[in-house]
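At position 10 of the sequence shown (counting the first as 1) the number is 10 in the UniProt record's numbering, and the numbers step up by one without a gap.
Don't be surprised by glycine CBs; every beta carbon is placed ideally from N, CA and C.
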Amino acid sequence: MTGSPHTPLSTGNPGRKTGPKPSFTREDVLDTALELGIADFTLSAIARRLGVVTPALYRVFPSRDALLDACLARVAATIETPETGAAWQDALRLWATECWRMCEEVPGLAKTLYAYPAAFAHIEDPLRGYVRILEEHGRSRMQAAFALDFIGDTVMACRLGIESMRATDSAGTSGLERVQDRISADHLFQPDDSWSERGFVDVKVNFIIEGLERHWPEV
1 MTGSPHTPLS TGNPGRKTGP KPSFTREDVL DTALELGIAD FTLSAIARRL
51 GVVTPALYRV FPSRDALLDA CLARVAATIE TPETGAAWQD ALRLWATECW
101 RMCEEVPGLA KTLYAYPAAF AHIEDPLRGY VRILEEHGRS RMQAAFALDF
151 IGDTVMACRL GIESMRATDS AGTSGLERVQ DRISADHLFQ PDDSWSERGF
201 VDVKVNFIIE GLERHWPEV
């Protein structure tokens, strides 16, 4: 497999430099933002972690959105793309796997992708590798976009539910444990450990692929 190259967006803003030259790097700020959580970091929290004043961060990032864009660009640059000649089914399964992997490695990513409208712009380069495979198998660009979007949305939506099952309250009780406490023994759905793991994700992805083997929508 080959990694898809991705150049982070330029976030410099010469008009907003503030204070003395910082004793940190752009990468230090990115690392700290991702450690604090891509959905929840604040510039003030990053500054405290780095031991600097918040205005010092404006030398490298003029706003939170600019830093968020850079974080997303870094994550997108890790997306693995399918090899030339791969079966389209394998390409779609790899896409599902990569969506899941990114969410595992970057907590809060699924939430961010739905909350930040510009987020999807950062995956254009790696997506080209997937579209190329689907086009090699006779699919149109719009059909390729439909399949990738369908599977990406499925994985991300499942991920949001799983994260709510994993999250713990102030007493240390997980969402799954709270659901289990409230569900009766004869309830139609019985929550188990799979609800906080990958669960039905692969079943759903395979269901989509099997459907596409029979029919591709005209989009």
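query: Expected contact under 8 Å - CB spacing of ILE38 and LEU109 to nearest Å; result: 6 Å
query: Limits of the unbroken alpha helix (DSSP H) element including ILE133; result: 124-136
query: Exposed unless 16 or more other CB atoms sit within 10 angstroms - verdict on ALA118; result: exposed
query: Exposed unless 16 or more other CB atoms sit within 10 angstroms - verdict on THR168; result: exposed
query: Residue burial classification, PHE189 (beta-carbon count within 10 angstroms, cutoff 16); result: exposed
query: SER44 - containing alpha helix (DSSP H), residue span; result: 43-50
query: Proximity winner among ALA121, TRP95, SER194 and ASP31, relative to CYS71 (alpha-carbon distances); result: ASP31
query: ASN206 versus PRO55: straight-line alpha-carbon distance, rounded; result: 49 Å
query: CB contact flag (TRP100, VAL155, <7 Å); result: yes
query: Three-state class that DSSP yields for THR168 in the structure shown; result: strand
query: GLU197 to HIS137 span [Cα, whole Å]; result: 33 Å
query: Where THR173 sits in the DSSP three-state scheme; result: coil
query: Presumed contact (8 Å Cβ cut-off) between PRO82 and LEU67, rounded CB distance; result: The pair is not a contact, with the Cβ atoms about 31 Å apart (cut-off 8 Å).
query: Simplified DSSP state of THR84, which is helix, strand or coil; result: coil
query: Cβ-based burial, GLU122 [other Cβ within 10 Å; buried from 16]; result: The question names Glu, but residue 122 in the sequence shown is His. Burial call: buried.
query: Per-residue burial, THR112 [other beta carbons within 10 Å of its own, 16 or more giving buried]; result: buried
query: Range of the contiguous alpha helix (DSSP H) that encloses ALA70; result: 64-76
query: For ILE151 and ALA96, believed in contact at Cβ under 8 Å, the rounded distance; result: 5 Å
query: Limits of the unbroken alpha helix (DSSP H) element including GLU210; result: 201-214
query: Boundaries of the alpha helix (DSSP H) in which ASP192 is found, first to last residue; result: Unbroken run through ASP192: none, as it is neither H nor E.
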